[in-house]
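Quick mapping for you: the protein sequence lines, in order, are chains R and X. End of the first sequence = 82 in my numbering, gap-free, step of one. End of the second sequence = 979 in my numbering, gap-free, step of one. We treat Cβ as the ideally placed atom computed from N, Cα and C, and that holds for glycine. Each remark here refers to the structure printed beneath this line.
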Amino acid sequence: MQDKLLRAWIMLLVLSIASTLLAMGIDRTVTLNTPETLTALAGAGILGLALAKARVILLYYLRLNTTAFWRRGFTFTLSIFALALLALYLPSRI
Amino acid sequence: MKHAQTSNILEELPGDLMIWVLIVSELLVFGAGLAAFLAVRLGDVASFAQSQDHLSRTTAAANTAVLVSSGFLAAVALRLRARGKRARARLALIGAALLGIVFLAVKGLEYKADAAAGLTIDTNAFFTFYYLLTGFHAAHVAAGVFILLLIAWRDDPRNIEAGAAFWHMVDLVWVFLFPVIYLLR
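Listed below in structure tokens is the structure:
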């Protein structure tokens, strides 16, 4: 599939389904006394998928794939933001 | 020399610089809101988890698909307009706006169900954040729908570029808002 926009859209749909399934999967296992670390890993995975989606939107919808400087800058900043959210989320899980 | 280098870097940004200033400022506001949500959550994790269980993840996931699809149409519209295909670009923008209205309709049904269950903005901290953050986002979606229709009418390529960028910002906020509010246990 050569159309980058079409690929980006499909990737966004796939990533959205993946994060929802991950969350629902953890929900199902919570009642089975899932180790907190597993829930924490799932949370990290969900935030990682959010970051991946954000990057797809930045690169292909907002066209930052045309500029290495801004692509890296926004990716770096959003990564720091995702890590900050993870740092706020994890203390309740560990 | 330094001024020229700075100027060149700024010129690399696709579209208008001011729309990027808007995008960054909006991301900062919503980012602060989401960080505050998670910080407050640390004080009552159980209550937040119980409150989250009242929300419909599948409905919000479906709405995510609606919003990213809408963004796709807005991005396609810009490409079509650049190729001189005005009528098709306008159709794509109207399609994007219609999907935005679908998003708002689904959100409205969610709010209606929440209210019917007695879950309001002052129920607890979770729902205060929920209504404020998703409500503020929905207000941006509403503004974005108006902008999409406006640029479908006044379809100068620069208008479409700026309007589509605003719409993608709304998308960008949602891809963090959805998992933080709805998915993180």
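Asked: Give a yes or no on whether the minimum CB-CB distance between arginine 60 of chain R and chain X is below 9 Å.; Found: no
Asked: When burial is assigned at 16 or more other CB atoms within 10 Å of the CB, is alanine 11 of chain R buried or exposed?; Found: buried
Asked: May I have a chain-ordered list of the alpha helix (DSSP H) segments no shorter than 4 residues that lie completely inside the stretch 819 to 903 of chain X?; Found: 839 to 846 and 851 to 876
Asked: Mind checking if methionine -11 of chain R is an interface residue toward chain X, Cβ cutoff 9 Å exclusive?; Found: Below a pLDDT of 50, predicted positions are generally treated as unreliable, and methionine -11 of chain R, at 46, falls in that range; no measurement from the model is reported.
Asked: Less than 9 Å separating the beta-carbons of leucine 872 of chain X and proline 951 of chain X?; Found: yes
Asked: Around the Cβ of glutamate 955 of chain X, are there at least 16 other Cβ atoms within 10 angstroms (buried) or fewer (exposed)?; Found: buried
Asked: Name the chain X residues whose beta carbon is nearer than 7 Å to that of phenylalanine 161 of chain R?; Found: The question about residue 161 of chain R has no answer, for chain R in this structure spans -11 to 82.
Asked: Going by C-alpha distance, which of X/Trp968, X/Ala946 and X/His848 is nearest alanine 909 of chain X?; Found: X/His848
Asked: Are at least three pairs of beta-carbons, each pair with one atom in the stretch -11 to 2 of chain R and one in the stretch 818 to 838 of chain X, less than 8 Å apart?; Found: no
Asked: Return yes when at least one heavy atom of the ligand ZN lies under 8 Å from the C-beta of alanine -4 of chain R, else no.; Found: With respect to small molecules bound, the structure shown includes none, and the ligand ZN cannot be examined in it.
Asked: For asparagine 953 of chain X, report the span of its alpha helix (DSSP H) as first-last.; Found: 951 to 972
Asked: Leaving out five residues before and five after phenylalanine 972 of chain X in sequence, what residues of the same chain have Cβ atoms less than 6 Å from its Cβ?; Found: Ala854 and Thr858
Asked: Mind checking if arginine 873 of chain X is an interface residue toward chain R, Cβ cutoff 9 Å exclusive?; Found: yes
Asked: Rounded to the nearest angstrom, what separates arginine 59 of chain R and isoleucine 895 of chain X at their Cα positions?; Found: 31 Å
Asked: Can you tell me which of X/Ser841, X/Tyr905, X/Ala869 and X/Ser850 puts its alpha carbon nearest to the alpha carbon of aspartate 965 of chain X?; Found: X/Ala869
Asked: For alanine 899 of chain X, does the count of other Cβ atoms within 10 angstroms reach 16, so buried, or fall short, so exposed?; Found: exposed
Asked: What does leucine 0 of chain R reach in chain X if we use C-beta pairs closer than 9 Å?; Found: Thr858, Ala859, Val862, Ser863, Gly865, Phe866, Asp965 and Val969
Asked: Check the Cβ-Cβ distances between proline 991 of chain X and every residue of chain R, and say whether any is below 9 Å.; Found: An answer regarding residue 991 of chain X cannot be provided, because it is not within the stretch 795 to 979 covered by chain X.
Asked: Please compile the residues from chain R whose C-beta is within a distance smaller than 7 Å of the C-beta of valine 900 of chain X.; Found: Here the premise fails: no neighbours, minimum Cβ distance about 14 Å.
Asked: What's the call for isoleucine 68 of chain R, buried or exposed, on a 16-neighbour Cβ count within 10 Å?; Found: exposed
Asked: Counting only beta-carbon atoms, is arginine 979 of chain X nearer than 9 Å to chain R?; Found: yes
Asked: With 16 as the cutoff for other CB atoms within 10 Å, does glycine 912 of chain X come out buried or exposed?; Found: exposed
Asked: Quick one, are the C-beta atoms of leucine 927 of chain X and glycine 827 of chain X less than 9 Å apart?; Found: yes
Asked: Of all the alpha helix (DSSP H) runs that stay within the bounds of the stretch 907 to 933 of chain X, which reach a length of 4 or more residues?; Found: none
Asked: If you count every other CB in all the chains shown that lies within 10 Å of the CB of glutamine 844 of chain X, and 16 or more means buried, which is it?; Found: exposed
Asked: Buried or exposed for threonine 749 of chain X, going by 16 or more other Cβ atoms inside 10 Å?; Found: There is simply no residue 749 of chain X to check, as chain X begins at 795 and stops at 979 in what is shown.
Asked: As a quick exercise: from R/Leu29, R/Ala38 and R/Tyr77, pick the residue whose alpha carbon is nearest that of leucine 3 of chain R.; Found: R/Ala38
Asked: Quick check on leucine -7 of chain R - is its C-beta less than 9 Å from some C-beta in chain X?; Found: yes
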